[in-house]
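Structure below.
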């Protein structure tokens, strides 16, 4: 049994960062992880305020992540942070991630992994070299019903997969909010902070990750049509993609931030020879299973009929809804377990290794490259 | 006020024809139309049996449509059929349709309009030349909530349209049923009876028609990926298409008959600058309206808040579900009204003219051509 | 095989009668029944106009139902009406029903059966004495998914039934519409035309009928709390009832016409030892089956996995929605089959006998009596 | 700004306690509360193991709550626990609650408040006398959409309330699990640990609390029919209740633990003169608003159109689901804020005072008394 909690440091996640707060909630939810330090903002005053709101002592609130990583490294094991949580905008993932790895810290990073693919490759190499744990929060794969879908397909319940539709419509960027004072809209539509893609980088990568995670297949060819619907916007805010999978399955991936009225509409449908599944993020505690010759089935968390992997990721008995914070929590719980096993010199259970890794993050970056390339091309298919 | 019912003759629709029965149900539902004659099968015995099941007198049950059209023409107005309902497989639409038009009969034909585009063009020309009424049963546009969606967009409630997703997954051809004795599967997967496309011709054309009807836009470019998932099948059973619309909107059209577990999953989502709509055929009495800055709204038939066009197509007060037969009924009611106005020498109300016409059928045939062409091409975009 | 259609006469159902139109639609939908005559209104001019709208010849449009019954009786079999459809307000059911039975006509009557129980008993006696067919349109039991629920329970799939919740909220009488010119509100809240109960008579009887039909059980005790929420209204517009069933099951029946915002919210839930079912009228093509130890199941019309009784009542393959008119149609189809068998001297199939009969109507009237009595009593339980 | 976290001690919540874990998750989720000590089981070894799993130091893991309260009291403010969380079975709420209050500790207790009403009254008196904070986790009122419903009604959006249906079906006790080794079933069906009611005490009290919270009304009369469906069970496992509210509204409250196939089906519907609301616990991030004369509306968390009270209880932007742990978290956040204000000598904001209190718990106990009394009586109405 573990003798202490796992220690987390955080970069980013200061006032106004919605995602930083979710990382925090998910990390501490299960009582396995403590936030022990942070560099919450590049503005030292804001960083201090954020650190105070997390009740950190003054000497663990840092003015920069460079300072944090150096000073934490000097602290004794058990006191110093074990891993770094990165909750900054995209362009500021790479610096702290690399330095953390170079200094022996495990990492949990928000997605997309980096500003560009070159950075992502460096991180992937570093992870391979150092053997450190690196999680990327494609957190939607943390939901138990997503795990159940994956297990159904992995064990062949649906037969050979033929069709995959993964979609992610949002509507919050229907207006040019980036011209006002909306912080989120500001950086997410800014090529200098978001990278070469807007919508597809932000949420299209989730749609890809979910599709590949659930099916266990890889997209091998794609044909993309990205567009910018809001006048004057500098990055894509909508994208439609035809895809082909490694096993011959066909499908669609689409994402949008100008689908006015959609909140956060991530949805996946997968069809095999024997049946299909459908999962909708906004109602995450349902997995529809559609059979060729039997009634529609709806599986729900907390029930004994679920796969072991799904049940491993449920906290409560049936009928007690869990949400996105719990999905983040499942990733953090797995990371904590894996770090603990490193401390203990033991091997983590297979279930605990089931979280998105740096290679998933790298794949997302490569996906963005291919999408942009394809969208600008007159040729139909782009290999991936 | 009309002095008599409108007389319908039918070709096809014999034993085992599911669509023939729906045509009949929809036609007679409102008491405006009588079935007076038919050539229900190319087998005279089967035709006779079908005619008896409709309680037709012997002399109005014909052994062939050629015979029927000639003999009916010789009957006096009021006794003879006013229009021909065509409920045969695709390859057998053209013959009776042309001869009906050439002999002065109005026509209601099932979809897709014909076996190939050349035939469709001939029919379109004939309709233009003769001025006869020609309806094509893209019946999903007969639902009141589809009408409401169209009206919302036409009057600008959603603002400029940016994104359209029209999809039609079915799963009933997941297995090679055509190798057994399934009559429907037999002709629908047979290039000699169905035409050059299977799935996209059968239901992809519905998805196109619905998208164009609801938005009032035209698809101008497309990029298709059609496939045949069931080994040995001769026609496509799945297709994914990127589309661009006349006003710059982007979208997706897809159809499938191998999405195992889907019954009849026609669904459309349209997003404009101010909000979006979503309609699902399997629950046709709901129209979800998604607003950028207000709660989700669900409009339902029979309510005074609906548009006039929607209410014109409702039979009952709110809360009393109508289904596909009623949607067919709305087309037939409109056709009956238009024929009655011809008889009376009056002009039909605008609402009664709102049904799919030969030009919609022709467009469907052209769509099939473009899809096949695009799917076989390495170029990305095909003009349409 | 039948040689002719079954002939229907109608009383009531003139202009403004929503239920008359549904009776007509349901009756003619399947091509088994012809409307041949009618006395559509007590005002001869209105009756004539209605008859014309149904394309009846002048001599089959009558000024009164007395006249109709006498004159039709004098016509030869095959020409004269076979059965009478009664679509008048409650107080005008009894007269035509009795006279029809006394003159050898079968009857389909709207519900509640009569103005009071004494009248209902007379009709039940007459039916027993004459052996004529008498259907009461508790039409919600005509839906295929309701049939499926009944079959599941009958065959023991749910185990012994323990709990039944049958509810019917509407909101259309939230305001005193009867003080304006709303015809429906006028007679339905008028004790001289509706009978001693408003809401419970109109729709509470549906909730009872559905519960008893689906479970095969009888309510044996009840405890009611009826109320009138709209000031000045003369009849109940809301009622809540505790009930106990013949096998020891407990439950609730409630109905309301002042549940503002509800359209036509009939819903039933039944729980047995092994699982439960839920069916909602507004989405009639779904039957939720809730198992103790398996995933939730959703059964839908047109699927081979359904019971024979359910499939007997489906017109289309899976995924093609049917609505209330088709549910009425199922009752009419059964009535037509039964009359045809009388003509042929054969025995109808069991499925065709499955429609609500005069005894169900009588039971509804007795239910109203007991509810009123219970609601006014200080004692808790009233036997039923 | 607060200088430290609020310190929580816990009684109960050891291995196998599902509710103890939820209390913990909800308490620590927002980083405002630390678990600093506990007496997790009456078995010292089990208590120790539980404490270790929470990473507590040995000297803060106690063998009994008496010991814990005494020893914690001796610790300096800031180190000692600020409040006690009670997560034991019903019969073991009172002891620690009373002693905590008598020793100056605030309390968060699970529901129902106590074993019997006498105990509850003592606690209510003590709270009044001491002025300490006492929350009872009727946690379903912590959901933001429940808050929104309350605000809509409070501000008159629905008009005068006429009808309230509050129901809570579960199915997990459909079999006599208490005869096996199911710990939860064991104590919840045991009159010596659960109190005089089973189902109604456990979840019927939630249904009452939710109804009164949402409507702002009080139940003033009731008529109950409680039953025990599973043979040999000692307490009720199902109950149906007619209720009347202080303003004349009527309604139903029912609960069941033998509604086989239901997971945790708490649902409330409230209807006023202008419209109604419906909220379902299993899909907590939706509030259906049904209007008399406008389309159905669905309100969702995180949207600017919500009331301030609802938004105060949301953690994330629209479309990111929150669940039951977050609802518990909202109560704990409020308790933490109120305790902090005591420390700071300030007045908490109105939103922070919005949590269920000892008086709500007492009311639940009185409700149980009245239900049992009514169920055994032949008289119809029982005042409450």
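Chains as they are written, first to last, in this note's numbering: chain X, 67 to 450; chain W, 67 to 450; chain L, 67 to 450; chain F, 67 to 450. Don't be surprised by glycine CBs; every beta carbon is placed ideally from N, CA and C. Since this is a predicted model, take the numbers as computed values, not measurements.
For residue 91(F), the enclosing alpha helix (DSSP H) begins and ends at 84 to 94. When 9 Å is used as the limit between beta carbons, residue 362(W) is near these residues of chain F: 352, 362, 363, 364, 365 and 366, in chain order. Under the 10 Å beta carbon count, residue 166(L) is surrounded by 16 or more other beta carbons and is classified as buried. For residue 151(L), the uninterrupted beta strand (DSSP E) run begins and ends at 149 to 153, by DSSP. With contacts defined by Cβ atoms closer than 8 Å, residue 380(L) and residue 368(L) form a contacting pair. Per DSSP, the unbroken beta strand (DSSP E) holding residue 338(X) starts and ends at 333 to 338. Residue 343(L) places its beta carbon less than 8 Å from that of residue 218(L).
Looking at the backbone, the Cα of residue 316(L) and that of residue 152(W) are separated by about 54 Å. Listed in chain order, the non-local C-beta contacts of residue 263(L) below 7 Å within the same chain comprise 301, 302, 434, 437 and 438, local neighbours out to five positions each way being set aside. Residue range 390 to 410 is occupied by the alpha helix (DSSP H) that includes residue 400(F). A contact is defined here as three or more CB-CB pairs under 8 Å, and the segment 88 to 101 of chain L fails this definition with respect to the segment 129 to 137 of chain L.
In the DSSP annotation of this structure, the continuous segment of the alpha helix (DSSP H) that includes residue 441(F) starts and ends at 424 to 442. Bounds of the alpha helix (DSSP H) holding residue 189(W) are 183 to 196. Using a Cβ-Cβ cut-off of 8 Å, residue 382(F) counts as an interface residue toward chain X, since at least one Cβ of chain X sits closer than that to its own. Taking C-alpha positions only, residue 341(X) is separated from residue 73(W) by approximately 45 Å.
For residue 365(W), the uninterrupted beta strand (DSSP E) segment begins and ends at 362 to 365.
Residue 287(L) is positioned such that its CB atom lies no closer than 8 Å to that of residue 307(L).
By the neighbour-count criterion, in which a residue is buried when 16 or more other Cβ atoms sit within 10 angstroms of its Cβ, residue 363(F) is buried. Residue-level contact check: residue 371(F) touches chain W, since one or more beta carbons of chain W fall below 8 Å from its beta carbon. The contact set of residue 342(W) on chain X, defined by CB atoms closer than 8 Å, consists of 237, 325, 326, 327 and 328 in chain order.
Not a single CB atom of chain W sits nearer than 8 Å to the CB of residue 182(X).
Only residues of its own chain outside the window of five on either side were considered, and among them 235 and 304 have a CB closer than 6 Å to the CB of residue 322(L), listed in chain order. The three-state secondary structure of residue 373(F), taken from DSSP, is coil. In the same chain as residue 378(L), and ignoring 5 residues on each side of it, the C-beta atoms closer than 6 Å to its own belong to 417, in chain order. Along the segment 88 to 104 of chain X, the positions whose C-beta sits under 8 Å from a C-beta of chain F are 88, 90, 91, 94, 95, 96, 97 and 101, read in chain order. Burial state of residue 278(X) is buried, judged by a 10 Å Cβ sphere holding 16 or more other Cβ atoms. From the beta-carbon of residue 302(W), no residue of chain F is found nearer than 7 Å; the closest lies around 35 Å away. Residue 80(F) is a Cβ neighbour of residue 106(F), given a cutoff of 8 Å.
Using a Cβ-Cβ cut-off of 9 Å, residue 359(F) is close to 369, 370 and 371 of chain W, given in chain order. In this chain, residue 235(L) is not harboured by any alpha helix (DSSP H); it is covered by the beta strand (DSSP E) spanning 227 to 235. For residue 265(L), there are no C-beta contacts with chain F under 8 Å, since the nearest C-beta of that chain is about 11 Å from it.
Cα atoms of residue 164(F) and residue 290(F): separation of roughly 31 Å, rounded to the nearest angstrom. Neighbourhood of residue 317(X) in chain W, by CB distance below 8 Å: 306, in chain order. For residue 228(F), the nearest beta carbon of chain L is closer than 8 Å to its own beta carbon.
Residue 351(L) has its alpha-carbon roughly 6 Å from the corresponding atom of residue 211(L). Annotation for residue 160(W): the continuous alpha helix (DSSP H) segment containing it runs 160 to 168.
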